[in-house]
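Once you know that position 226 of the sequence shown is 230 in this note's numbering, the rest is easy, because the numbers rise by one and skip nothing.
Have a look at the structure below before the remarks.
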Amino acid sequence: MEKQLDPRRMPAHVAIVMDGNGRWAKGRGLPRAAGHRAGMEALKEIVKRSDVLGIKHLTVYAFSSENWKRSREEVNGIFRLLVVYVEKELAELHANNVRVSILGEWRELPREAVEALERALETTKDNTGLQFHIALNYGARNEIVRAARTLAAQAAEGRIAPEEIDGERFSACLYTAGIPDPDLLIRTSGEERLSNYLLWQCAYSEFVFMDTLWPDFTPERLEEALGEYQRRERRFGGR
Ligand code: FPP
């Protein structure tokens, strides 16, 4: 562990925007799919280190609801990779007591991907270690709209009064129900945007932006981001 990291001040929840796979591949004269493959390798190491560091929740943005705009070839490649990832990694994730969960409209994904994800959820459902949340076909505005609809329907049916709708009830209708808000959000590749990721949940998160392209994001880089997080003072609107 990086010398200056304080194990007592680890964030409970780290969220990551894994950006830069395409540029990593382009820089090497490789197809974009090779970038995603390398990104998957990087992710494996980050999951392992997060667990070792005692982080309780890790959430990664693997496919946004806007990513459908990419070429069919690239989109299909990402889902094939997801199936390969589950096939290759599930046993180890399970052995490491990792619990997988999925955020987003993942049941709309291609059938093979849905089946692989169902296997991952079922196999790891009773695990008590790192909770590894994968955002797939995820968009935060849509998540918020869904929550509003759920609550509006409950109000229309007379099951709750509009005045009873508060932040807590709203949070309970998001994909992240029961998961603490991210303490730290990391985005790689030099982009400094949220891109429709966890808009509600990141209200008080610390943001760390790094120039590293995602496939080059090593556990050492993760520890650097954690070091930066620990050097900051969080105030949650107070003094
Ligand atoms: C962003 O890089 C990355 C994605 C949209 C896909 C993320 C996928 C992985 C990290 C690997 C797959 C892992 C799983 C679990 C499926 P980009 O393509 O936007 O890069 P660019 O901005 O350089 O073009």
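Glycine is no exception: its CB is placed at the ideal position from the N, C-alpha and C atoms.
Following the DSSP letters along the chain, one finds Tyr89 in no beta strand (DSSP E) but inside the alpha helix (DSSP H) bounded by residues 76 to 99. Unbroken beta strand (DSSP E) runs of no fewer than 3 residues, entirely contained in the region 100 to 168, are found at 103 to 107, 135 to 142, following chain order. Within its own chain, the residues whose Cβ lies closer than 6 Å to the Cβ of Ile20, once the five positions on either side in sequence are excluded, are Val64, Ile190, listed in chain order.
Exclusion of the five residues before and after Glu196 leaves Phe213 as the residues of its chain whose Cβ lies within less than 7 Å of its Cβ.
Here Gln135 is buried, its C-beta having at least 16 other C-beta atoms within 10 Å. In this structure Val102 touches Asp55 by the C-beta definition: roughly 6 Å separates them, less than 8 Å. Assignment of Arg191 by DSSP, reduced to helix, strand and coil, places it in the strand class.
Annotated three-state conformation of Ser199 is coil, per DSSP.
For Tyr233, the enclosing alpha helix (DSSP H) covers residues 223 to 235. Straight-line measurement puts the Cα of Arg32 at about 32 Å from the Cα of Leu202. The continuous alpha helix (DSSP H) containing Glu49 extends over residues 36 to 57. In this structure, Tyr142 places its C-beta atom within 9 Å of the C-beta atom of Tyr179. The DSSP-derived three-state label of Ser69 is coil.
With 16 or more other Cβ atoms from the protein chains shown falling within 10 Å of its own Cβ, Gln205 counts as buried. At a Cβ-Cβ threshold of 9 Å, Thr132 and Leu94 do not count as neighbours. Judged by their CB atoms, Met22 and Ala46 are nearer to each other than the 9 Å cut-off.
Taking C-beta atoms under 8 Å as the contact rule, Asn25 and Gly43 qualify, at a distance of about 4 Å. In this structure, the C-beta of Ser193 approaches the ligand FPP to less than 8 Å from one of its heavy atoms. In this structure Gly108 is buried. Its beta-carbon is surrounded by 16 or more other beta-carbon atoms within 10 angstroms. Of the residues Ala139, Phe83, Asp215, the one whose Cα lies closest to the Cα of Leu62 is Ala139. Sequence-distant Cβ neighbours of Ala29 in its own chain, meaning closer than 7 Å and more than five residues away, are Pro35, Arg36, Ala38, Gly39.
Close CB contacts of Pro223 within its chain, under the 8 Å cut and outside five residues either way in sequence, are with Glu49, Ile50, Lys52, Arg53 (chain order). Around the CB of Arg41, 16 or more other CB atoms lie within 10 Å, so the residue is classed as buried.
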